[in-house]
Every structure is written in C-alpha cells, then in structure tokens.
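K.L.:
My questions will all concern the structure given below.
Residue numbers (our numbering), protein chains in the order written: chain A, 506 to 615; chain B, 14 to 164.
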C-alpha cells in the first residue's frame, strides 16, 4: 500500500466523519436555521475532503500526465463545491428569513 | 424572486461562476466525442448558467440581458444549424444527415467529415437546448407577467 493510498484513506475517512456530523445535526437540531447551520458547514467540508481524497487516490499508481490531469479536474470540482455550497446555504437561509420563518428559542418549548 | 441588489454575496458569486459554467458547457460539448457529454448536456449547462444569473438578480435584469425575441431567434438558429447540416448532405447527393458527403466541401476525408458533421449537429442541439431551457424557466418563473420586458 503506497503512501498516497494511506493519505487518501485518511482524507476520505475525515470527510465521512464530517458528513456524519452534518447528518446528525440535520436530523436532531430543532429548527430550520440550526439545520442549515449544521449542513452548510459539515457538508461543505465533508464533500471537500472526500473529493480531495479521491483526487489523491487517483495518483496512487504513480505520477503520469493523464492521471494528474484527471486529479486537477477533480480538484476543480472541490473548489466549485467550496464556493457554491456555502453560498447556496446563505441563499436558502436568507430566503427563509424573508419568508418569515421564526428562529427557535428555548422559551417557546415551555 | 429575489429582488435586485438584495444580497452582495449571492450576486457576486453568481457573476463569478457564470463564465466558468459556460466554459464548462463548451468543454462538455466538444468532449462529447470522447467522454460522457454532448450537445444536450452542454446546452443544459449553458441554460443553467443564465438561470443562475436570473435567480441571483431578478427577472427584469435577466430579460434585459437576453430578450425574449433574441431567445426565440436562438431557438430557431439551433434548429436551422441541425437541419441545415442534414439538408446540406441531402444537397451534396447523400441521404439526410449522411455526413460523409460533407467531404466534398471540407478539406478532409469522409471519416473526419463524419466527426465534423456530428459536431455541427451537436452545436445546433446545444444552442436550441440552452434557449429552450431559458425560455421554459422564464415562462414558469414570471407566470406570464413582466409584459414590459417582452419588447
């Protein structure tokens, strides 16, 4: 097992951990804003780490021009996710605020 | 619809990403020979880039960039490129969309003429699909209003 495989396994395992945290937050958090908060951050970092791990795993057979080009394309996807996912979360949250979704507070549950 | 100048984050990211999405649409179109992709997928990406701008700004601004009239012309242009390629083959003595006949007017052999003919047809498909996507989106999003933007 090459060093590149071990590094990519670490990246993908870390990404799945963040995905897991984001999903737990999505299910367990009490209202819309808190759920967006959990998924917006957790999914972004999780997807970023998984995609970077895939790009590194693509290089585990050695550095050839073709596989380096493929890895660069995959890293473009990671950059796109890193830009687009937080902005989409921001847009959805702002849409909810404009539509009048009331944030959850502790007093209301009593 | 989000109003104009409502949010600087969404607007600037949409402005920043649109040229990259359009370049990727052309990449998907021209790489359709060798990898997954082609005219339809590229056209959907091209239309989606415009839809992203309309969502980030508003519908009046979008119709100022691409008017309904220009959109209809784009629709017809794509169909014309597609059927014109087929008709050219018909005129040159083959059957409809028999691209190897294009070798008579192109400086290549019949095999490469097939590839180029398929590329021409795919470009026509891309233009039409992008214009139709934008057209469907504008009709659905405006619900028949914004008549002043139809000029």
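Even for Gly, the Cβ is constructed at its ideal location relative to N, Cα and C.
Along the stretch 592–604 of chain A, where does the CB come closer than 7 Å to a CB of chain B? Name the residues.
P.N.:
Against chain B - using a Cβ distance shorter than 7 Å - the residues of the stretch 592–604 of chain A are 592, 595, 596 and 599.
K.L.:
Determine whether the Cβ of residue 29/B lies closer than 9 Å to any Cβ atom of chain A.
P.N.:
In the second chain, the residue the question calls residue 29/B occupies position 16. Cβ-Cβ to chain A under 9 Å: yes for residue 29/B.
K.L.:
Residue 586/A to residue 33/B, Cα distance in whole Å?
P.N.:
Within the first chain, residue 586/A is the residue found at index 81, counting from 1. Within the second chain, residue 33/B is the residue found at index 20, counting from 1. Between residue 586/A and residue 33/B, the C-alpha separation is close to 13 Å.
K.L.:
Looking at residue 100/B and residue 114/B, is the spacing between their C-beta atoms short of 9 Å?
P.N.:
On the second chain, position 101 is the one that residue 114/B refers to. On the second chain, position 87 is the one that residue 100/B refers to. Cβ atoms of residue 114/B and residue 100/B: not closer than 9 Å.
K.L.:
For residue 86/B, count neighbouring Cβ atoms within 10 angstroms of its own Cβ and tell me buried if that reaches 16, exposed if not.
P.N.:
The residue you call residue 86/B lines up with position 73 of the second chain. It counts as exposed.
K.L.:
Is the stretch 120–132 of chain B in contact with the stretch 74–86 of chain B, if contact means three or more CB pairs nearer than 8 Å?
P.N.:
Contact fails: fewer than three Cβ-Cβ distances are below 8 Å.
K.L.:
Since residue 56/B and residue 138/B should fall inside the 8 Å C-beta cutoff, what is the C-beta to C-beta distance between them, to a whole number of angstroms?
P.N.:
Counting from one through the second chain, the residue named residue 56/B turns up at place 43. Counting from one through the second chain, the residue named residue 138/B turns up at place 125. Yes, residue 56/B and residue 138/B are in contact; Cβ-Cβ is about 6 Å, under 8 Å.
K.L.:
Whole angstroms is fine: what's the gap from residue 560/A's alpha carbon to residue 566/A's?
P.N.:
The count along the first chain starts at 1 and reaches residue 560/A at position 55. The count along the first chain starts at 1 and reaches residue 566/A at position 61. Cα-Cα distance, rounded: 12 Å.
K.L.:
Say whether chain A places a C-beta atom closer than 9 Å to the C-beta of residue 33/B.
P.N.:
As a working mapping, residue 33/B is identified with position 20 in the second chain. Judged by the 9 Å Cβ criterion, residue 33/B is in contact with chain A.
K.L.:
Just curious, the alpha helix (DSSP H) that residue 583/A is in, first and last residue?
P.N.:
Translated into the one-based positions of the first chain, residue 583/A becomes position 78. Its alpha helix (DSSP H) spans residues 570–603.
K.L.:
Can you tell me the Cα-Cα spacing of residue 609/A and residue 534/A, whole angstroms?
P.N.:
Position 104 of the first chain holds residue 609/A. Position 29 of the first chain holds residue 534/A. Computed Cα separation, rounded: 10 Å.
K.L.:
Give the residues of chain B in contact with residue 589/A, contact being defined as C-beta atoms less than 8 Å apart.
P.N.:
Taking the first residue of the first chain as 1, we reach residue 589/A at position 84. Those within 8 Å of residue 589/A in chain B are 26 and 30.
K.L.:
Got a sec? Which residues, its chain only, sit under 6 Å from residue 568/A by beta carbon, not counting five neighbours each side?
P.N.:
Taking the first residue of the first chain as 1, we reach residue 568/A at position 63. Excluding residues within five positions, none has a Cβ falling inside 6 Å.
K.L.:
Okay, do the stretch 576–583 of chain A and the stretch 543–551 of chain A touch, 3+ Cβ pairs below 8 Å being the bar?
P.N.:
Taking 8 Å as the limit for Cβ pairs, the verdict is that the stretch 543–551 of chain A does not touch the stretch 576–583 of chain A.
K.L.:
Can you give me the start and stop residues for the alpha helix (DSSP H) that residue 35/B sits inside?
P.N.:
Working through the second chain from its first residue, we reach residue 35/B at position 22. First-last of the alpha helix (DSSP H) with residue 35/B: 21–43.
K.L.:
Between the stretch 516–533 of chain A and the stretch 581–600 of chain A, do three or more beta carbon pairs fall short of 8 Å?
P.N.:
No: the two stretches stay apart, fewer than three of their Cβ pairs being nearer than 8 Å.
K.L.:
Quick check on DSSP: helix, strand or coil for residue 51/B?
P.N.:
Taking the first residue of the second chain as 1, we reach residue 51/B at position 38. Coil.
K.L.:
My output table needs one value for residue 110/B: the three-state DSSP class, helix, strand or coil.
P.N.:
Within the second chain, residue 110/B is the residue found at index 97, counting from 1. Residue 110/B: coil per DSSP, three-state reduction.
K.L.:
So residue 20/B contacts chain A; which residues on that side make the cut at Cβ distance below 9 Å?
P.N.:
Stepping through the second chain from its first residue, residue 20/B is reached at position 7. Within 9 Å Cβ-Cβ: 595, 596 and 599.
K.L.:
Kindly indicate which three-state DSSP category residue 513/A falls into: helix, strand or coil?
P.N.:
As a first step, residue 513/A is located in the first chain; it is residue number 8 there, counting from the start. Three-state result, residue 513/A: helix.
K.L.:
Is it buried or exposed, residue 38/B, if we count other Cβ atoms within 10 angstroms and call 16 or more buried?
P.N.:
Mapped onto the second chain, residue 38/B falls at position 25. Buried: at least 16 other Cβ atoms inside 10 Å.
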